[in-house]
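Working notes, structure below.
Residue numbers (the working numbering): 162 to 367.
Written as structure tokens, this is what we have:
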């Protein structure tokens, strides 16, 4: 395939970098780069500064592993939230999805993915051990498993259930109002909210 020739090597380099973003092909990358060229230098500078600052200064909460500007995120440090209930999710997008339902007032634990042997992701690649340590260390009454209704999600649910069994903590799973095979972050807020409220005890059945 013959790559498109650009009139500027700087332009081509910018297009190559933009096209590395998820869902961005070379044509879309070119449109974005051309758009930036039409903007004032100050506007583009603010954008690049914001991206650079975000990448350098945003880090993971040392408690729940959600993204945060501080060592402990605002959710974990909020004394008005229920610190005895932890909702386990796959990624930060899922935290946002559950928060948008306004039906959950506990804390979170972000795994950073789900067990997927096909993708080379095992339990040791996820924040599962830190979850077990957290439950063992803190006064936690319930752990809610809010992972995607996929085979990988169910496998991860079962693994976590077995790891938490010695702690004696109550483990529940969100109601299956979410269609099997659906990703949590793409579920509508009403369905997700009801699934949180109507959660059921997890008995280890997959």
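The C-beta atom is built at its ideal place from N, Cα and C for all residues, glycine as well.
In the three-state DSSP reduction, residue 167 falls in the coil class, being neither helix nor strand.
Within the segment 266–335, the complete beta strand (DSSP E) runs of at least 3 residues fall at 267–271, 303–306 and 331–334. For residue 213, the three-state secondary structure derived from DSSP is helix. Boundaries of the beta strand (DSSP E) harbouring residue 245: 243–250, taken from the DSSP string. Where residue 255 is concerned, the enclosing alpha helix (DSSP H) starts and stops at 253–262. In the three-state reduction of the DSSP assignment, residue 231 falls in the coil class, being assigned neither a helical nor a strand state. Closest in C-alpha terms to residue 281, from the list 313, 307, 308 and 294, comes 313.
At the C-beta level, residue 304 and residue 325 come within 8 Å of one another. Straight-line measurement puts the Cα of residue 292 at about 14 Å from the Cα of residue 252.
Membership of residue 197 in the alpha helix (DSSP H) is indicated by the continuous run 187–199. Here the alpha carbon of residue 210 sits roughly 18 Å from the alpha carbon of residue 182.
Using a Cβ-Cβ distance cut-off of 8 Å, the segment 236–251 and the segment 264–272 are in contact, since at least three pairs of beta carbons, one from each stretch, lie closer than that value. Beta-bridge annotation (DSSP): residue 221 is paired with 228.
DSSP lists 333 as the beta-bridge partner residues of residue 362.
In the three-state reduction of the DSSP assignment, residue 204 falls in the helix class. In the three-state scheme derived from DSSP, where H, G and I count as helix and E and B as strand, residue 181 is classed as coil.
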